[in-house]
Amino acid sequence: MDKDSNEMRTMFEMHISNGESLLETLGEKNYINVRGIHKIKRKIKKDLEFLSETLQSRNMKKEHLVCTNLHFYKSVLLETVSQPECEAVFETFLYITSDNCQKRLTVDVVSHKGQRWTKVIARNPVALHQIYKGDSFGRRSIMDQATSYIEAAAQNLHLYNSPQVVFSFVNGVPEEMKSFLERIGISVEGKVIAVEDDVSTSGSSTSSECSDEVNLRVYVNDQQNSPSRLNLCVTTMIAYVSSLTNGGCSKQFNEPLLNQQAEWERERPVKPFLDNLFSGKDLMCCTTAVEDFKSIIDIVGGEEERCRATALLARVTVVPDLPFTGLRPSGKIKERSLLIFGTGHAHRAVTVTANKGFVQASKQKGAKFAVEVHESRALSECKELPCS
């Protein structure tokens, strides 16, 4: 085997080793709760299979290494752990284009509880500059990606605001490209690289670029506003007044579920989370939620739980039911939930809930409500065992 073949084999083996290290990294706790990790794992395995088969065939070429995306996947994972409250990688969103066509956009990293979308770009900045300044197809492809992110963000609101769109350039970003992206409302991260303009720029005048940009900025939200009104679900009101969340989590019960929730409450108290969430906010709930809550309290609640329920309802504004009509009752999508979440949606309020089943089921059906989800807690005062 000649020297060139040995060097190529070494390069292939190095890439394979790096890919295997990435797979091991995915087993770390940083990625346990991130949606879409299985997608990136599948893509890494596919690249590794290709490299291993090519290595065994001895038909190795440098082009084979270039066409793998292992460096990109590594950059995505680094972005995932560097951002707070990362929710997903390779998350798909639907949106309608200006010519009324439905399209899908895959966002590389969704973080900050859904408030930030990041596109990771791991290409060489010189190549990016040549694409941007080259023929019209290359330049349009950059603009298309930016426009798609802006349009999709405007139609997939998080807490009634468009997510912040960020383009993260791992190896640096040409200054002209950075300026273009920022002009249309995209935040840019990465070291600014000065690139010599040594390629032909015929047919790509400044006036042409400006005319292409005219209609892009309209989709951008410049300020993220946190909704000041919270819509309370029945499950939240029960959790808030429960004896479990008000000092009773050290009690013992005959019911395994209550003992389990008591253990959870000792480890992860719900009341401080809700108190912090309620602070400075207007509380509301729909008529059906109040009636159901009162009924449950009257039947199951203890004396102190009833007192806390009265105090809570005094802080809450009751509004008429406004059912959500975009979904039909089925499975975990109950009619009562459509009333409660629909009312919050109609008032542009964030619905606070422990009903994870409805939130997940509605999302699978394409309805993404603005929610704050917490663990459930049952009423427990009347079921406490006497101290021995």
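One point on numbering: in full-length UniProt numbering, the residue at position 187 of the sequence shown is 187, and numbering is uninterrupted. By construction, the Cβ of each residue, glycine as well, lies at the ideal position given by its N, Cα and C atoms. All of these numbers come straight from a predicted model, not from anything done at the bench.
Does residue 194 pass the burial test, meaning 16 or more other C-beta atoms within 10 Å, or should it be called exposed? Exposed is the call here.
Would you mind listing the beta strand (DSSP E) stretches within the region 137 to 203 that are 3+ residues and don't spill past its ends, in chain order? Counting only runs of 3 or more, we get 164 to 169 and 187 to 189.
Can you give me the Cβ contacts of residue 375 inside the same chain, cut-off strictly under 7 Å, excluding the 5 residues immediately before and after it? Scanning its chain for C-beta atoms nearer than 7 Å, with the 5 sequence neighbours on each side dropped, one finds around residue 375 the residues 264, 268, 270 and 354, in chain order.
Throw me the rounded Cβ distance for the residue 312 and residue 241 pair, which I believe falls under 8 Å. That belief holds up - the Cβ atoms of residue 312 and residue 241 are roughly 6 Å apart, short of 8 Å.
Looking at residue 166 and residue 189, is the spacing between their C-beta atoms short of 9 Å? In this structure, residue 166 lies closer than 9 Å to residue 189 by Cβ.
In the structure shown, what three-state DSSP assignment does residue 231 receive? Correct three-state label for residue 231: strand.
Provide the residue(s) that pair with residue 288 in DSSP beta bridges, ordered along the chain. Note: residue 288 sits in no beta bridge, so no partner.
Proximity winner among 107, 332 and 75, relative to residue 170 (alpha-carbon distances): It is 75.
Closest to residue 108 by CA distance: which of 80, 102, 84 and 99 is it? Ranking 80, 102, 84 and 99 by Cα distance to residue 108 puts 80 first.
Contact belief for residue 352 with residue 372 at Cβ below 8 Å, rounded distance in angstroms: Between the beta-carbon of residue 352 and that of residue 372 there is about 5 Å, and that keeps the pair under the 8 Å contact cut.
Can at least three beta-carbon pairs, one atom from the region 279 to 297 and one from the region 335 to 351, be found at a separation below 8 Å? Touching, per the Cβ criterion.
Where do the ends of the alpha helix (DSSP H) carrying residue 275 lie? Its alpha helix (DSSP H) spans residues 270 to 278.
Look up residue 328 in the DSSP assignment and say whether it is helix, strand or coil. Residue state, collapsed to three classes: coil.
Please name the residue or residues paired with residue 103 in a DSSP beta bridge. Bridge partners of residue 103: 95.
Beta carbon of residue 168 nearer than 9 Å to that of residue 119: In this structure, residue 119 lies closer than 9 Å to residue 168 by Cβ.
C-beta contact flag for residue 333 and residue 296 at 9 Å: It is not a contact, given that the beta carbons lie outside the stated cut-off.
At which residues does the alpha helix (DSSP H) containing residue 310 begin and terminate? 303 to 313 is the span of the alpha helix (DSSP H), which, as asked, contains residue 310.
What does a CB cutoff of less than 7 Å around residue 37 pick up in its chain, not counting 5 residues either side in sequence? Around residue 37, the same chain offers 26, 31 and 89 as residues with beta carbons nearer than 7 Å, after the five sequence neighbours per side are excluded.
Residue 222, buried or exposed, once every other Cβ within 10 Å from all chains shown has been counted against 16: Unreliable placement is indicated for residue 222, whose pLDDT of 40 sits below 50; the coordinate value is still reported in the next sentence. So residue 222 counts as exposed.
Does the beta-carbon of residue 387 have 16 or more other beta-carbons within 10 angstroms, so that it is buried, or is it exposed? Answer is exposed; the Cβ neighbour count stays below 16.
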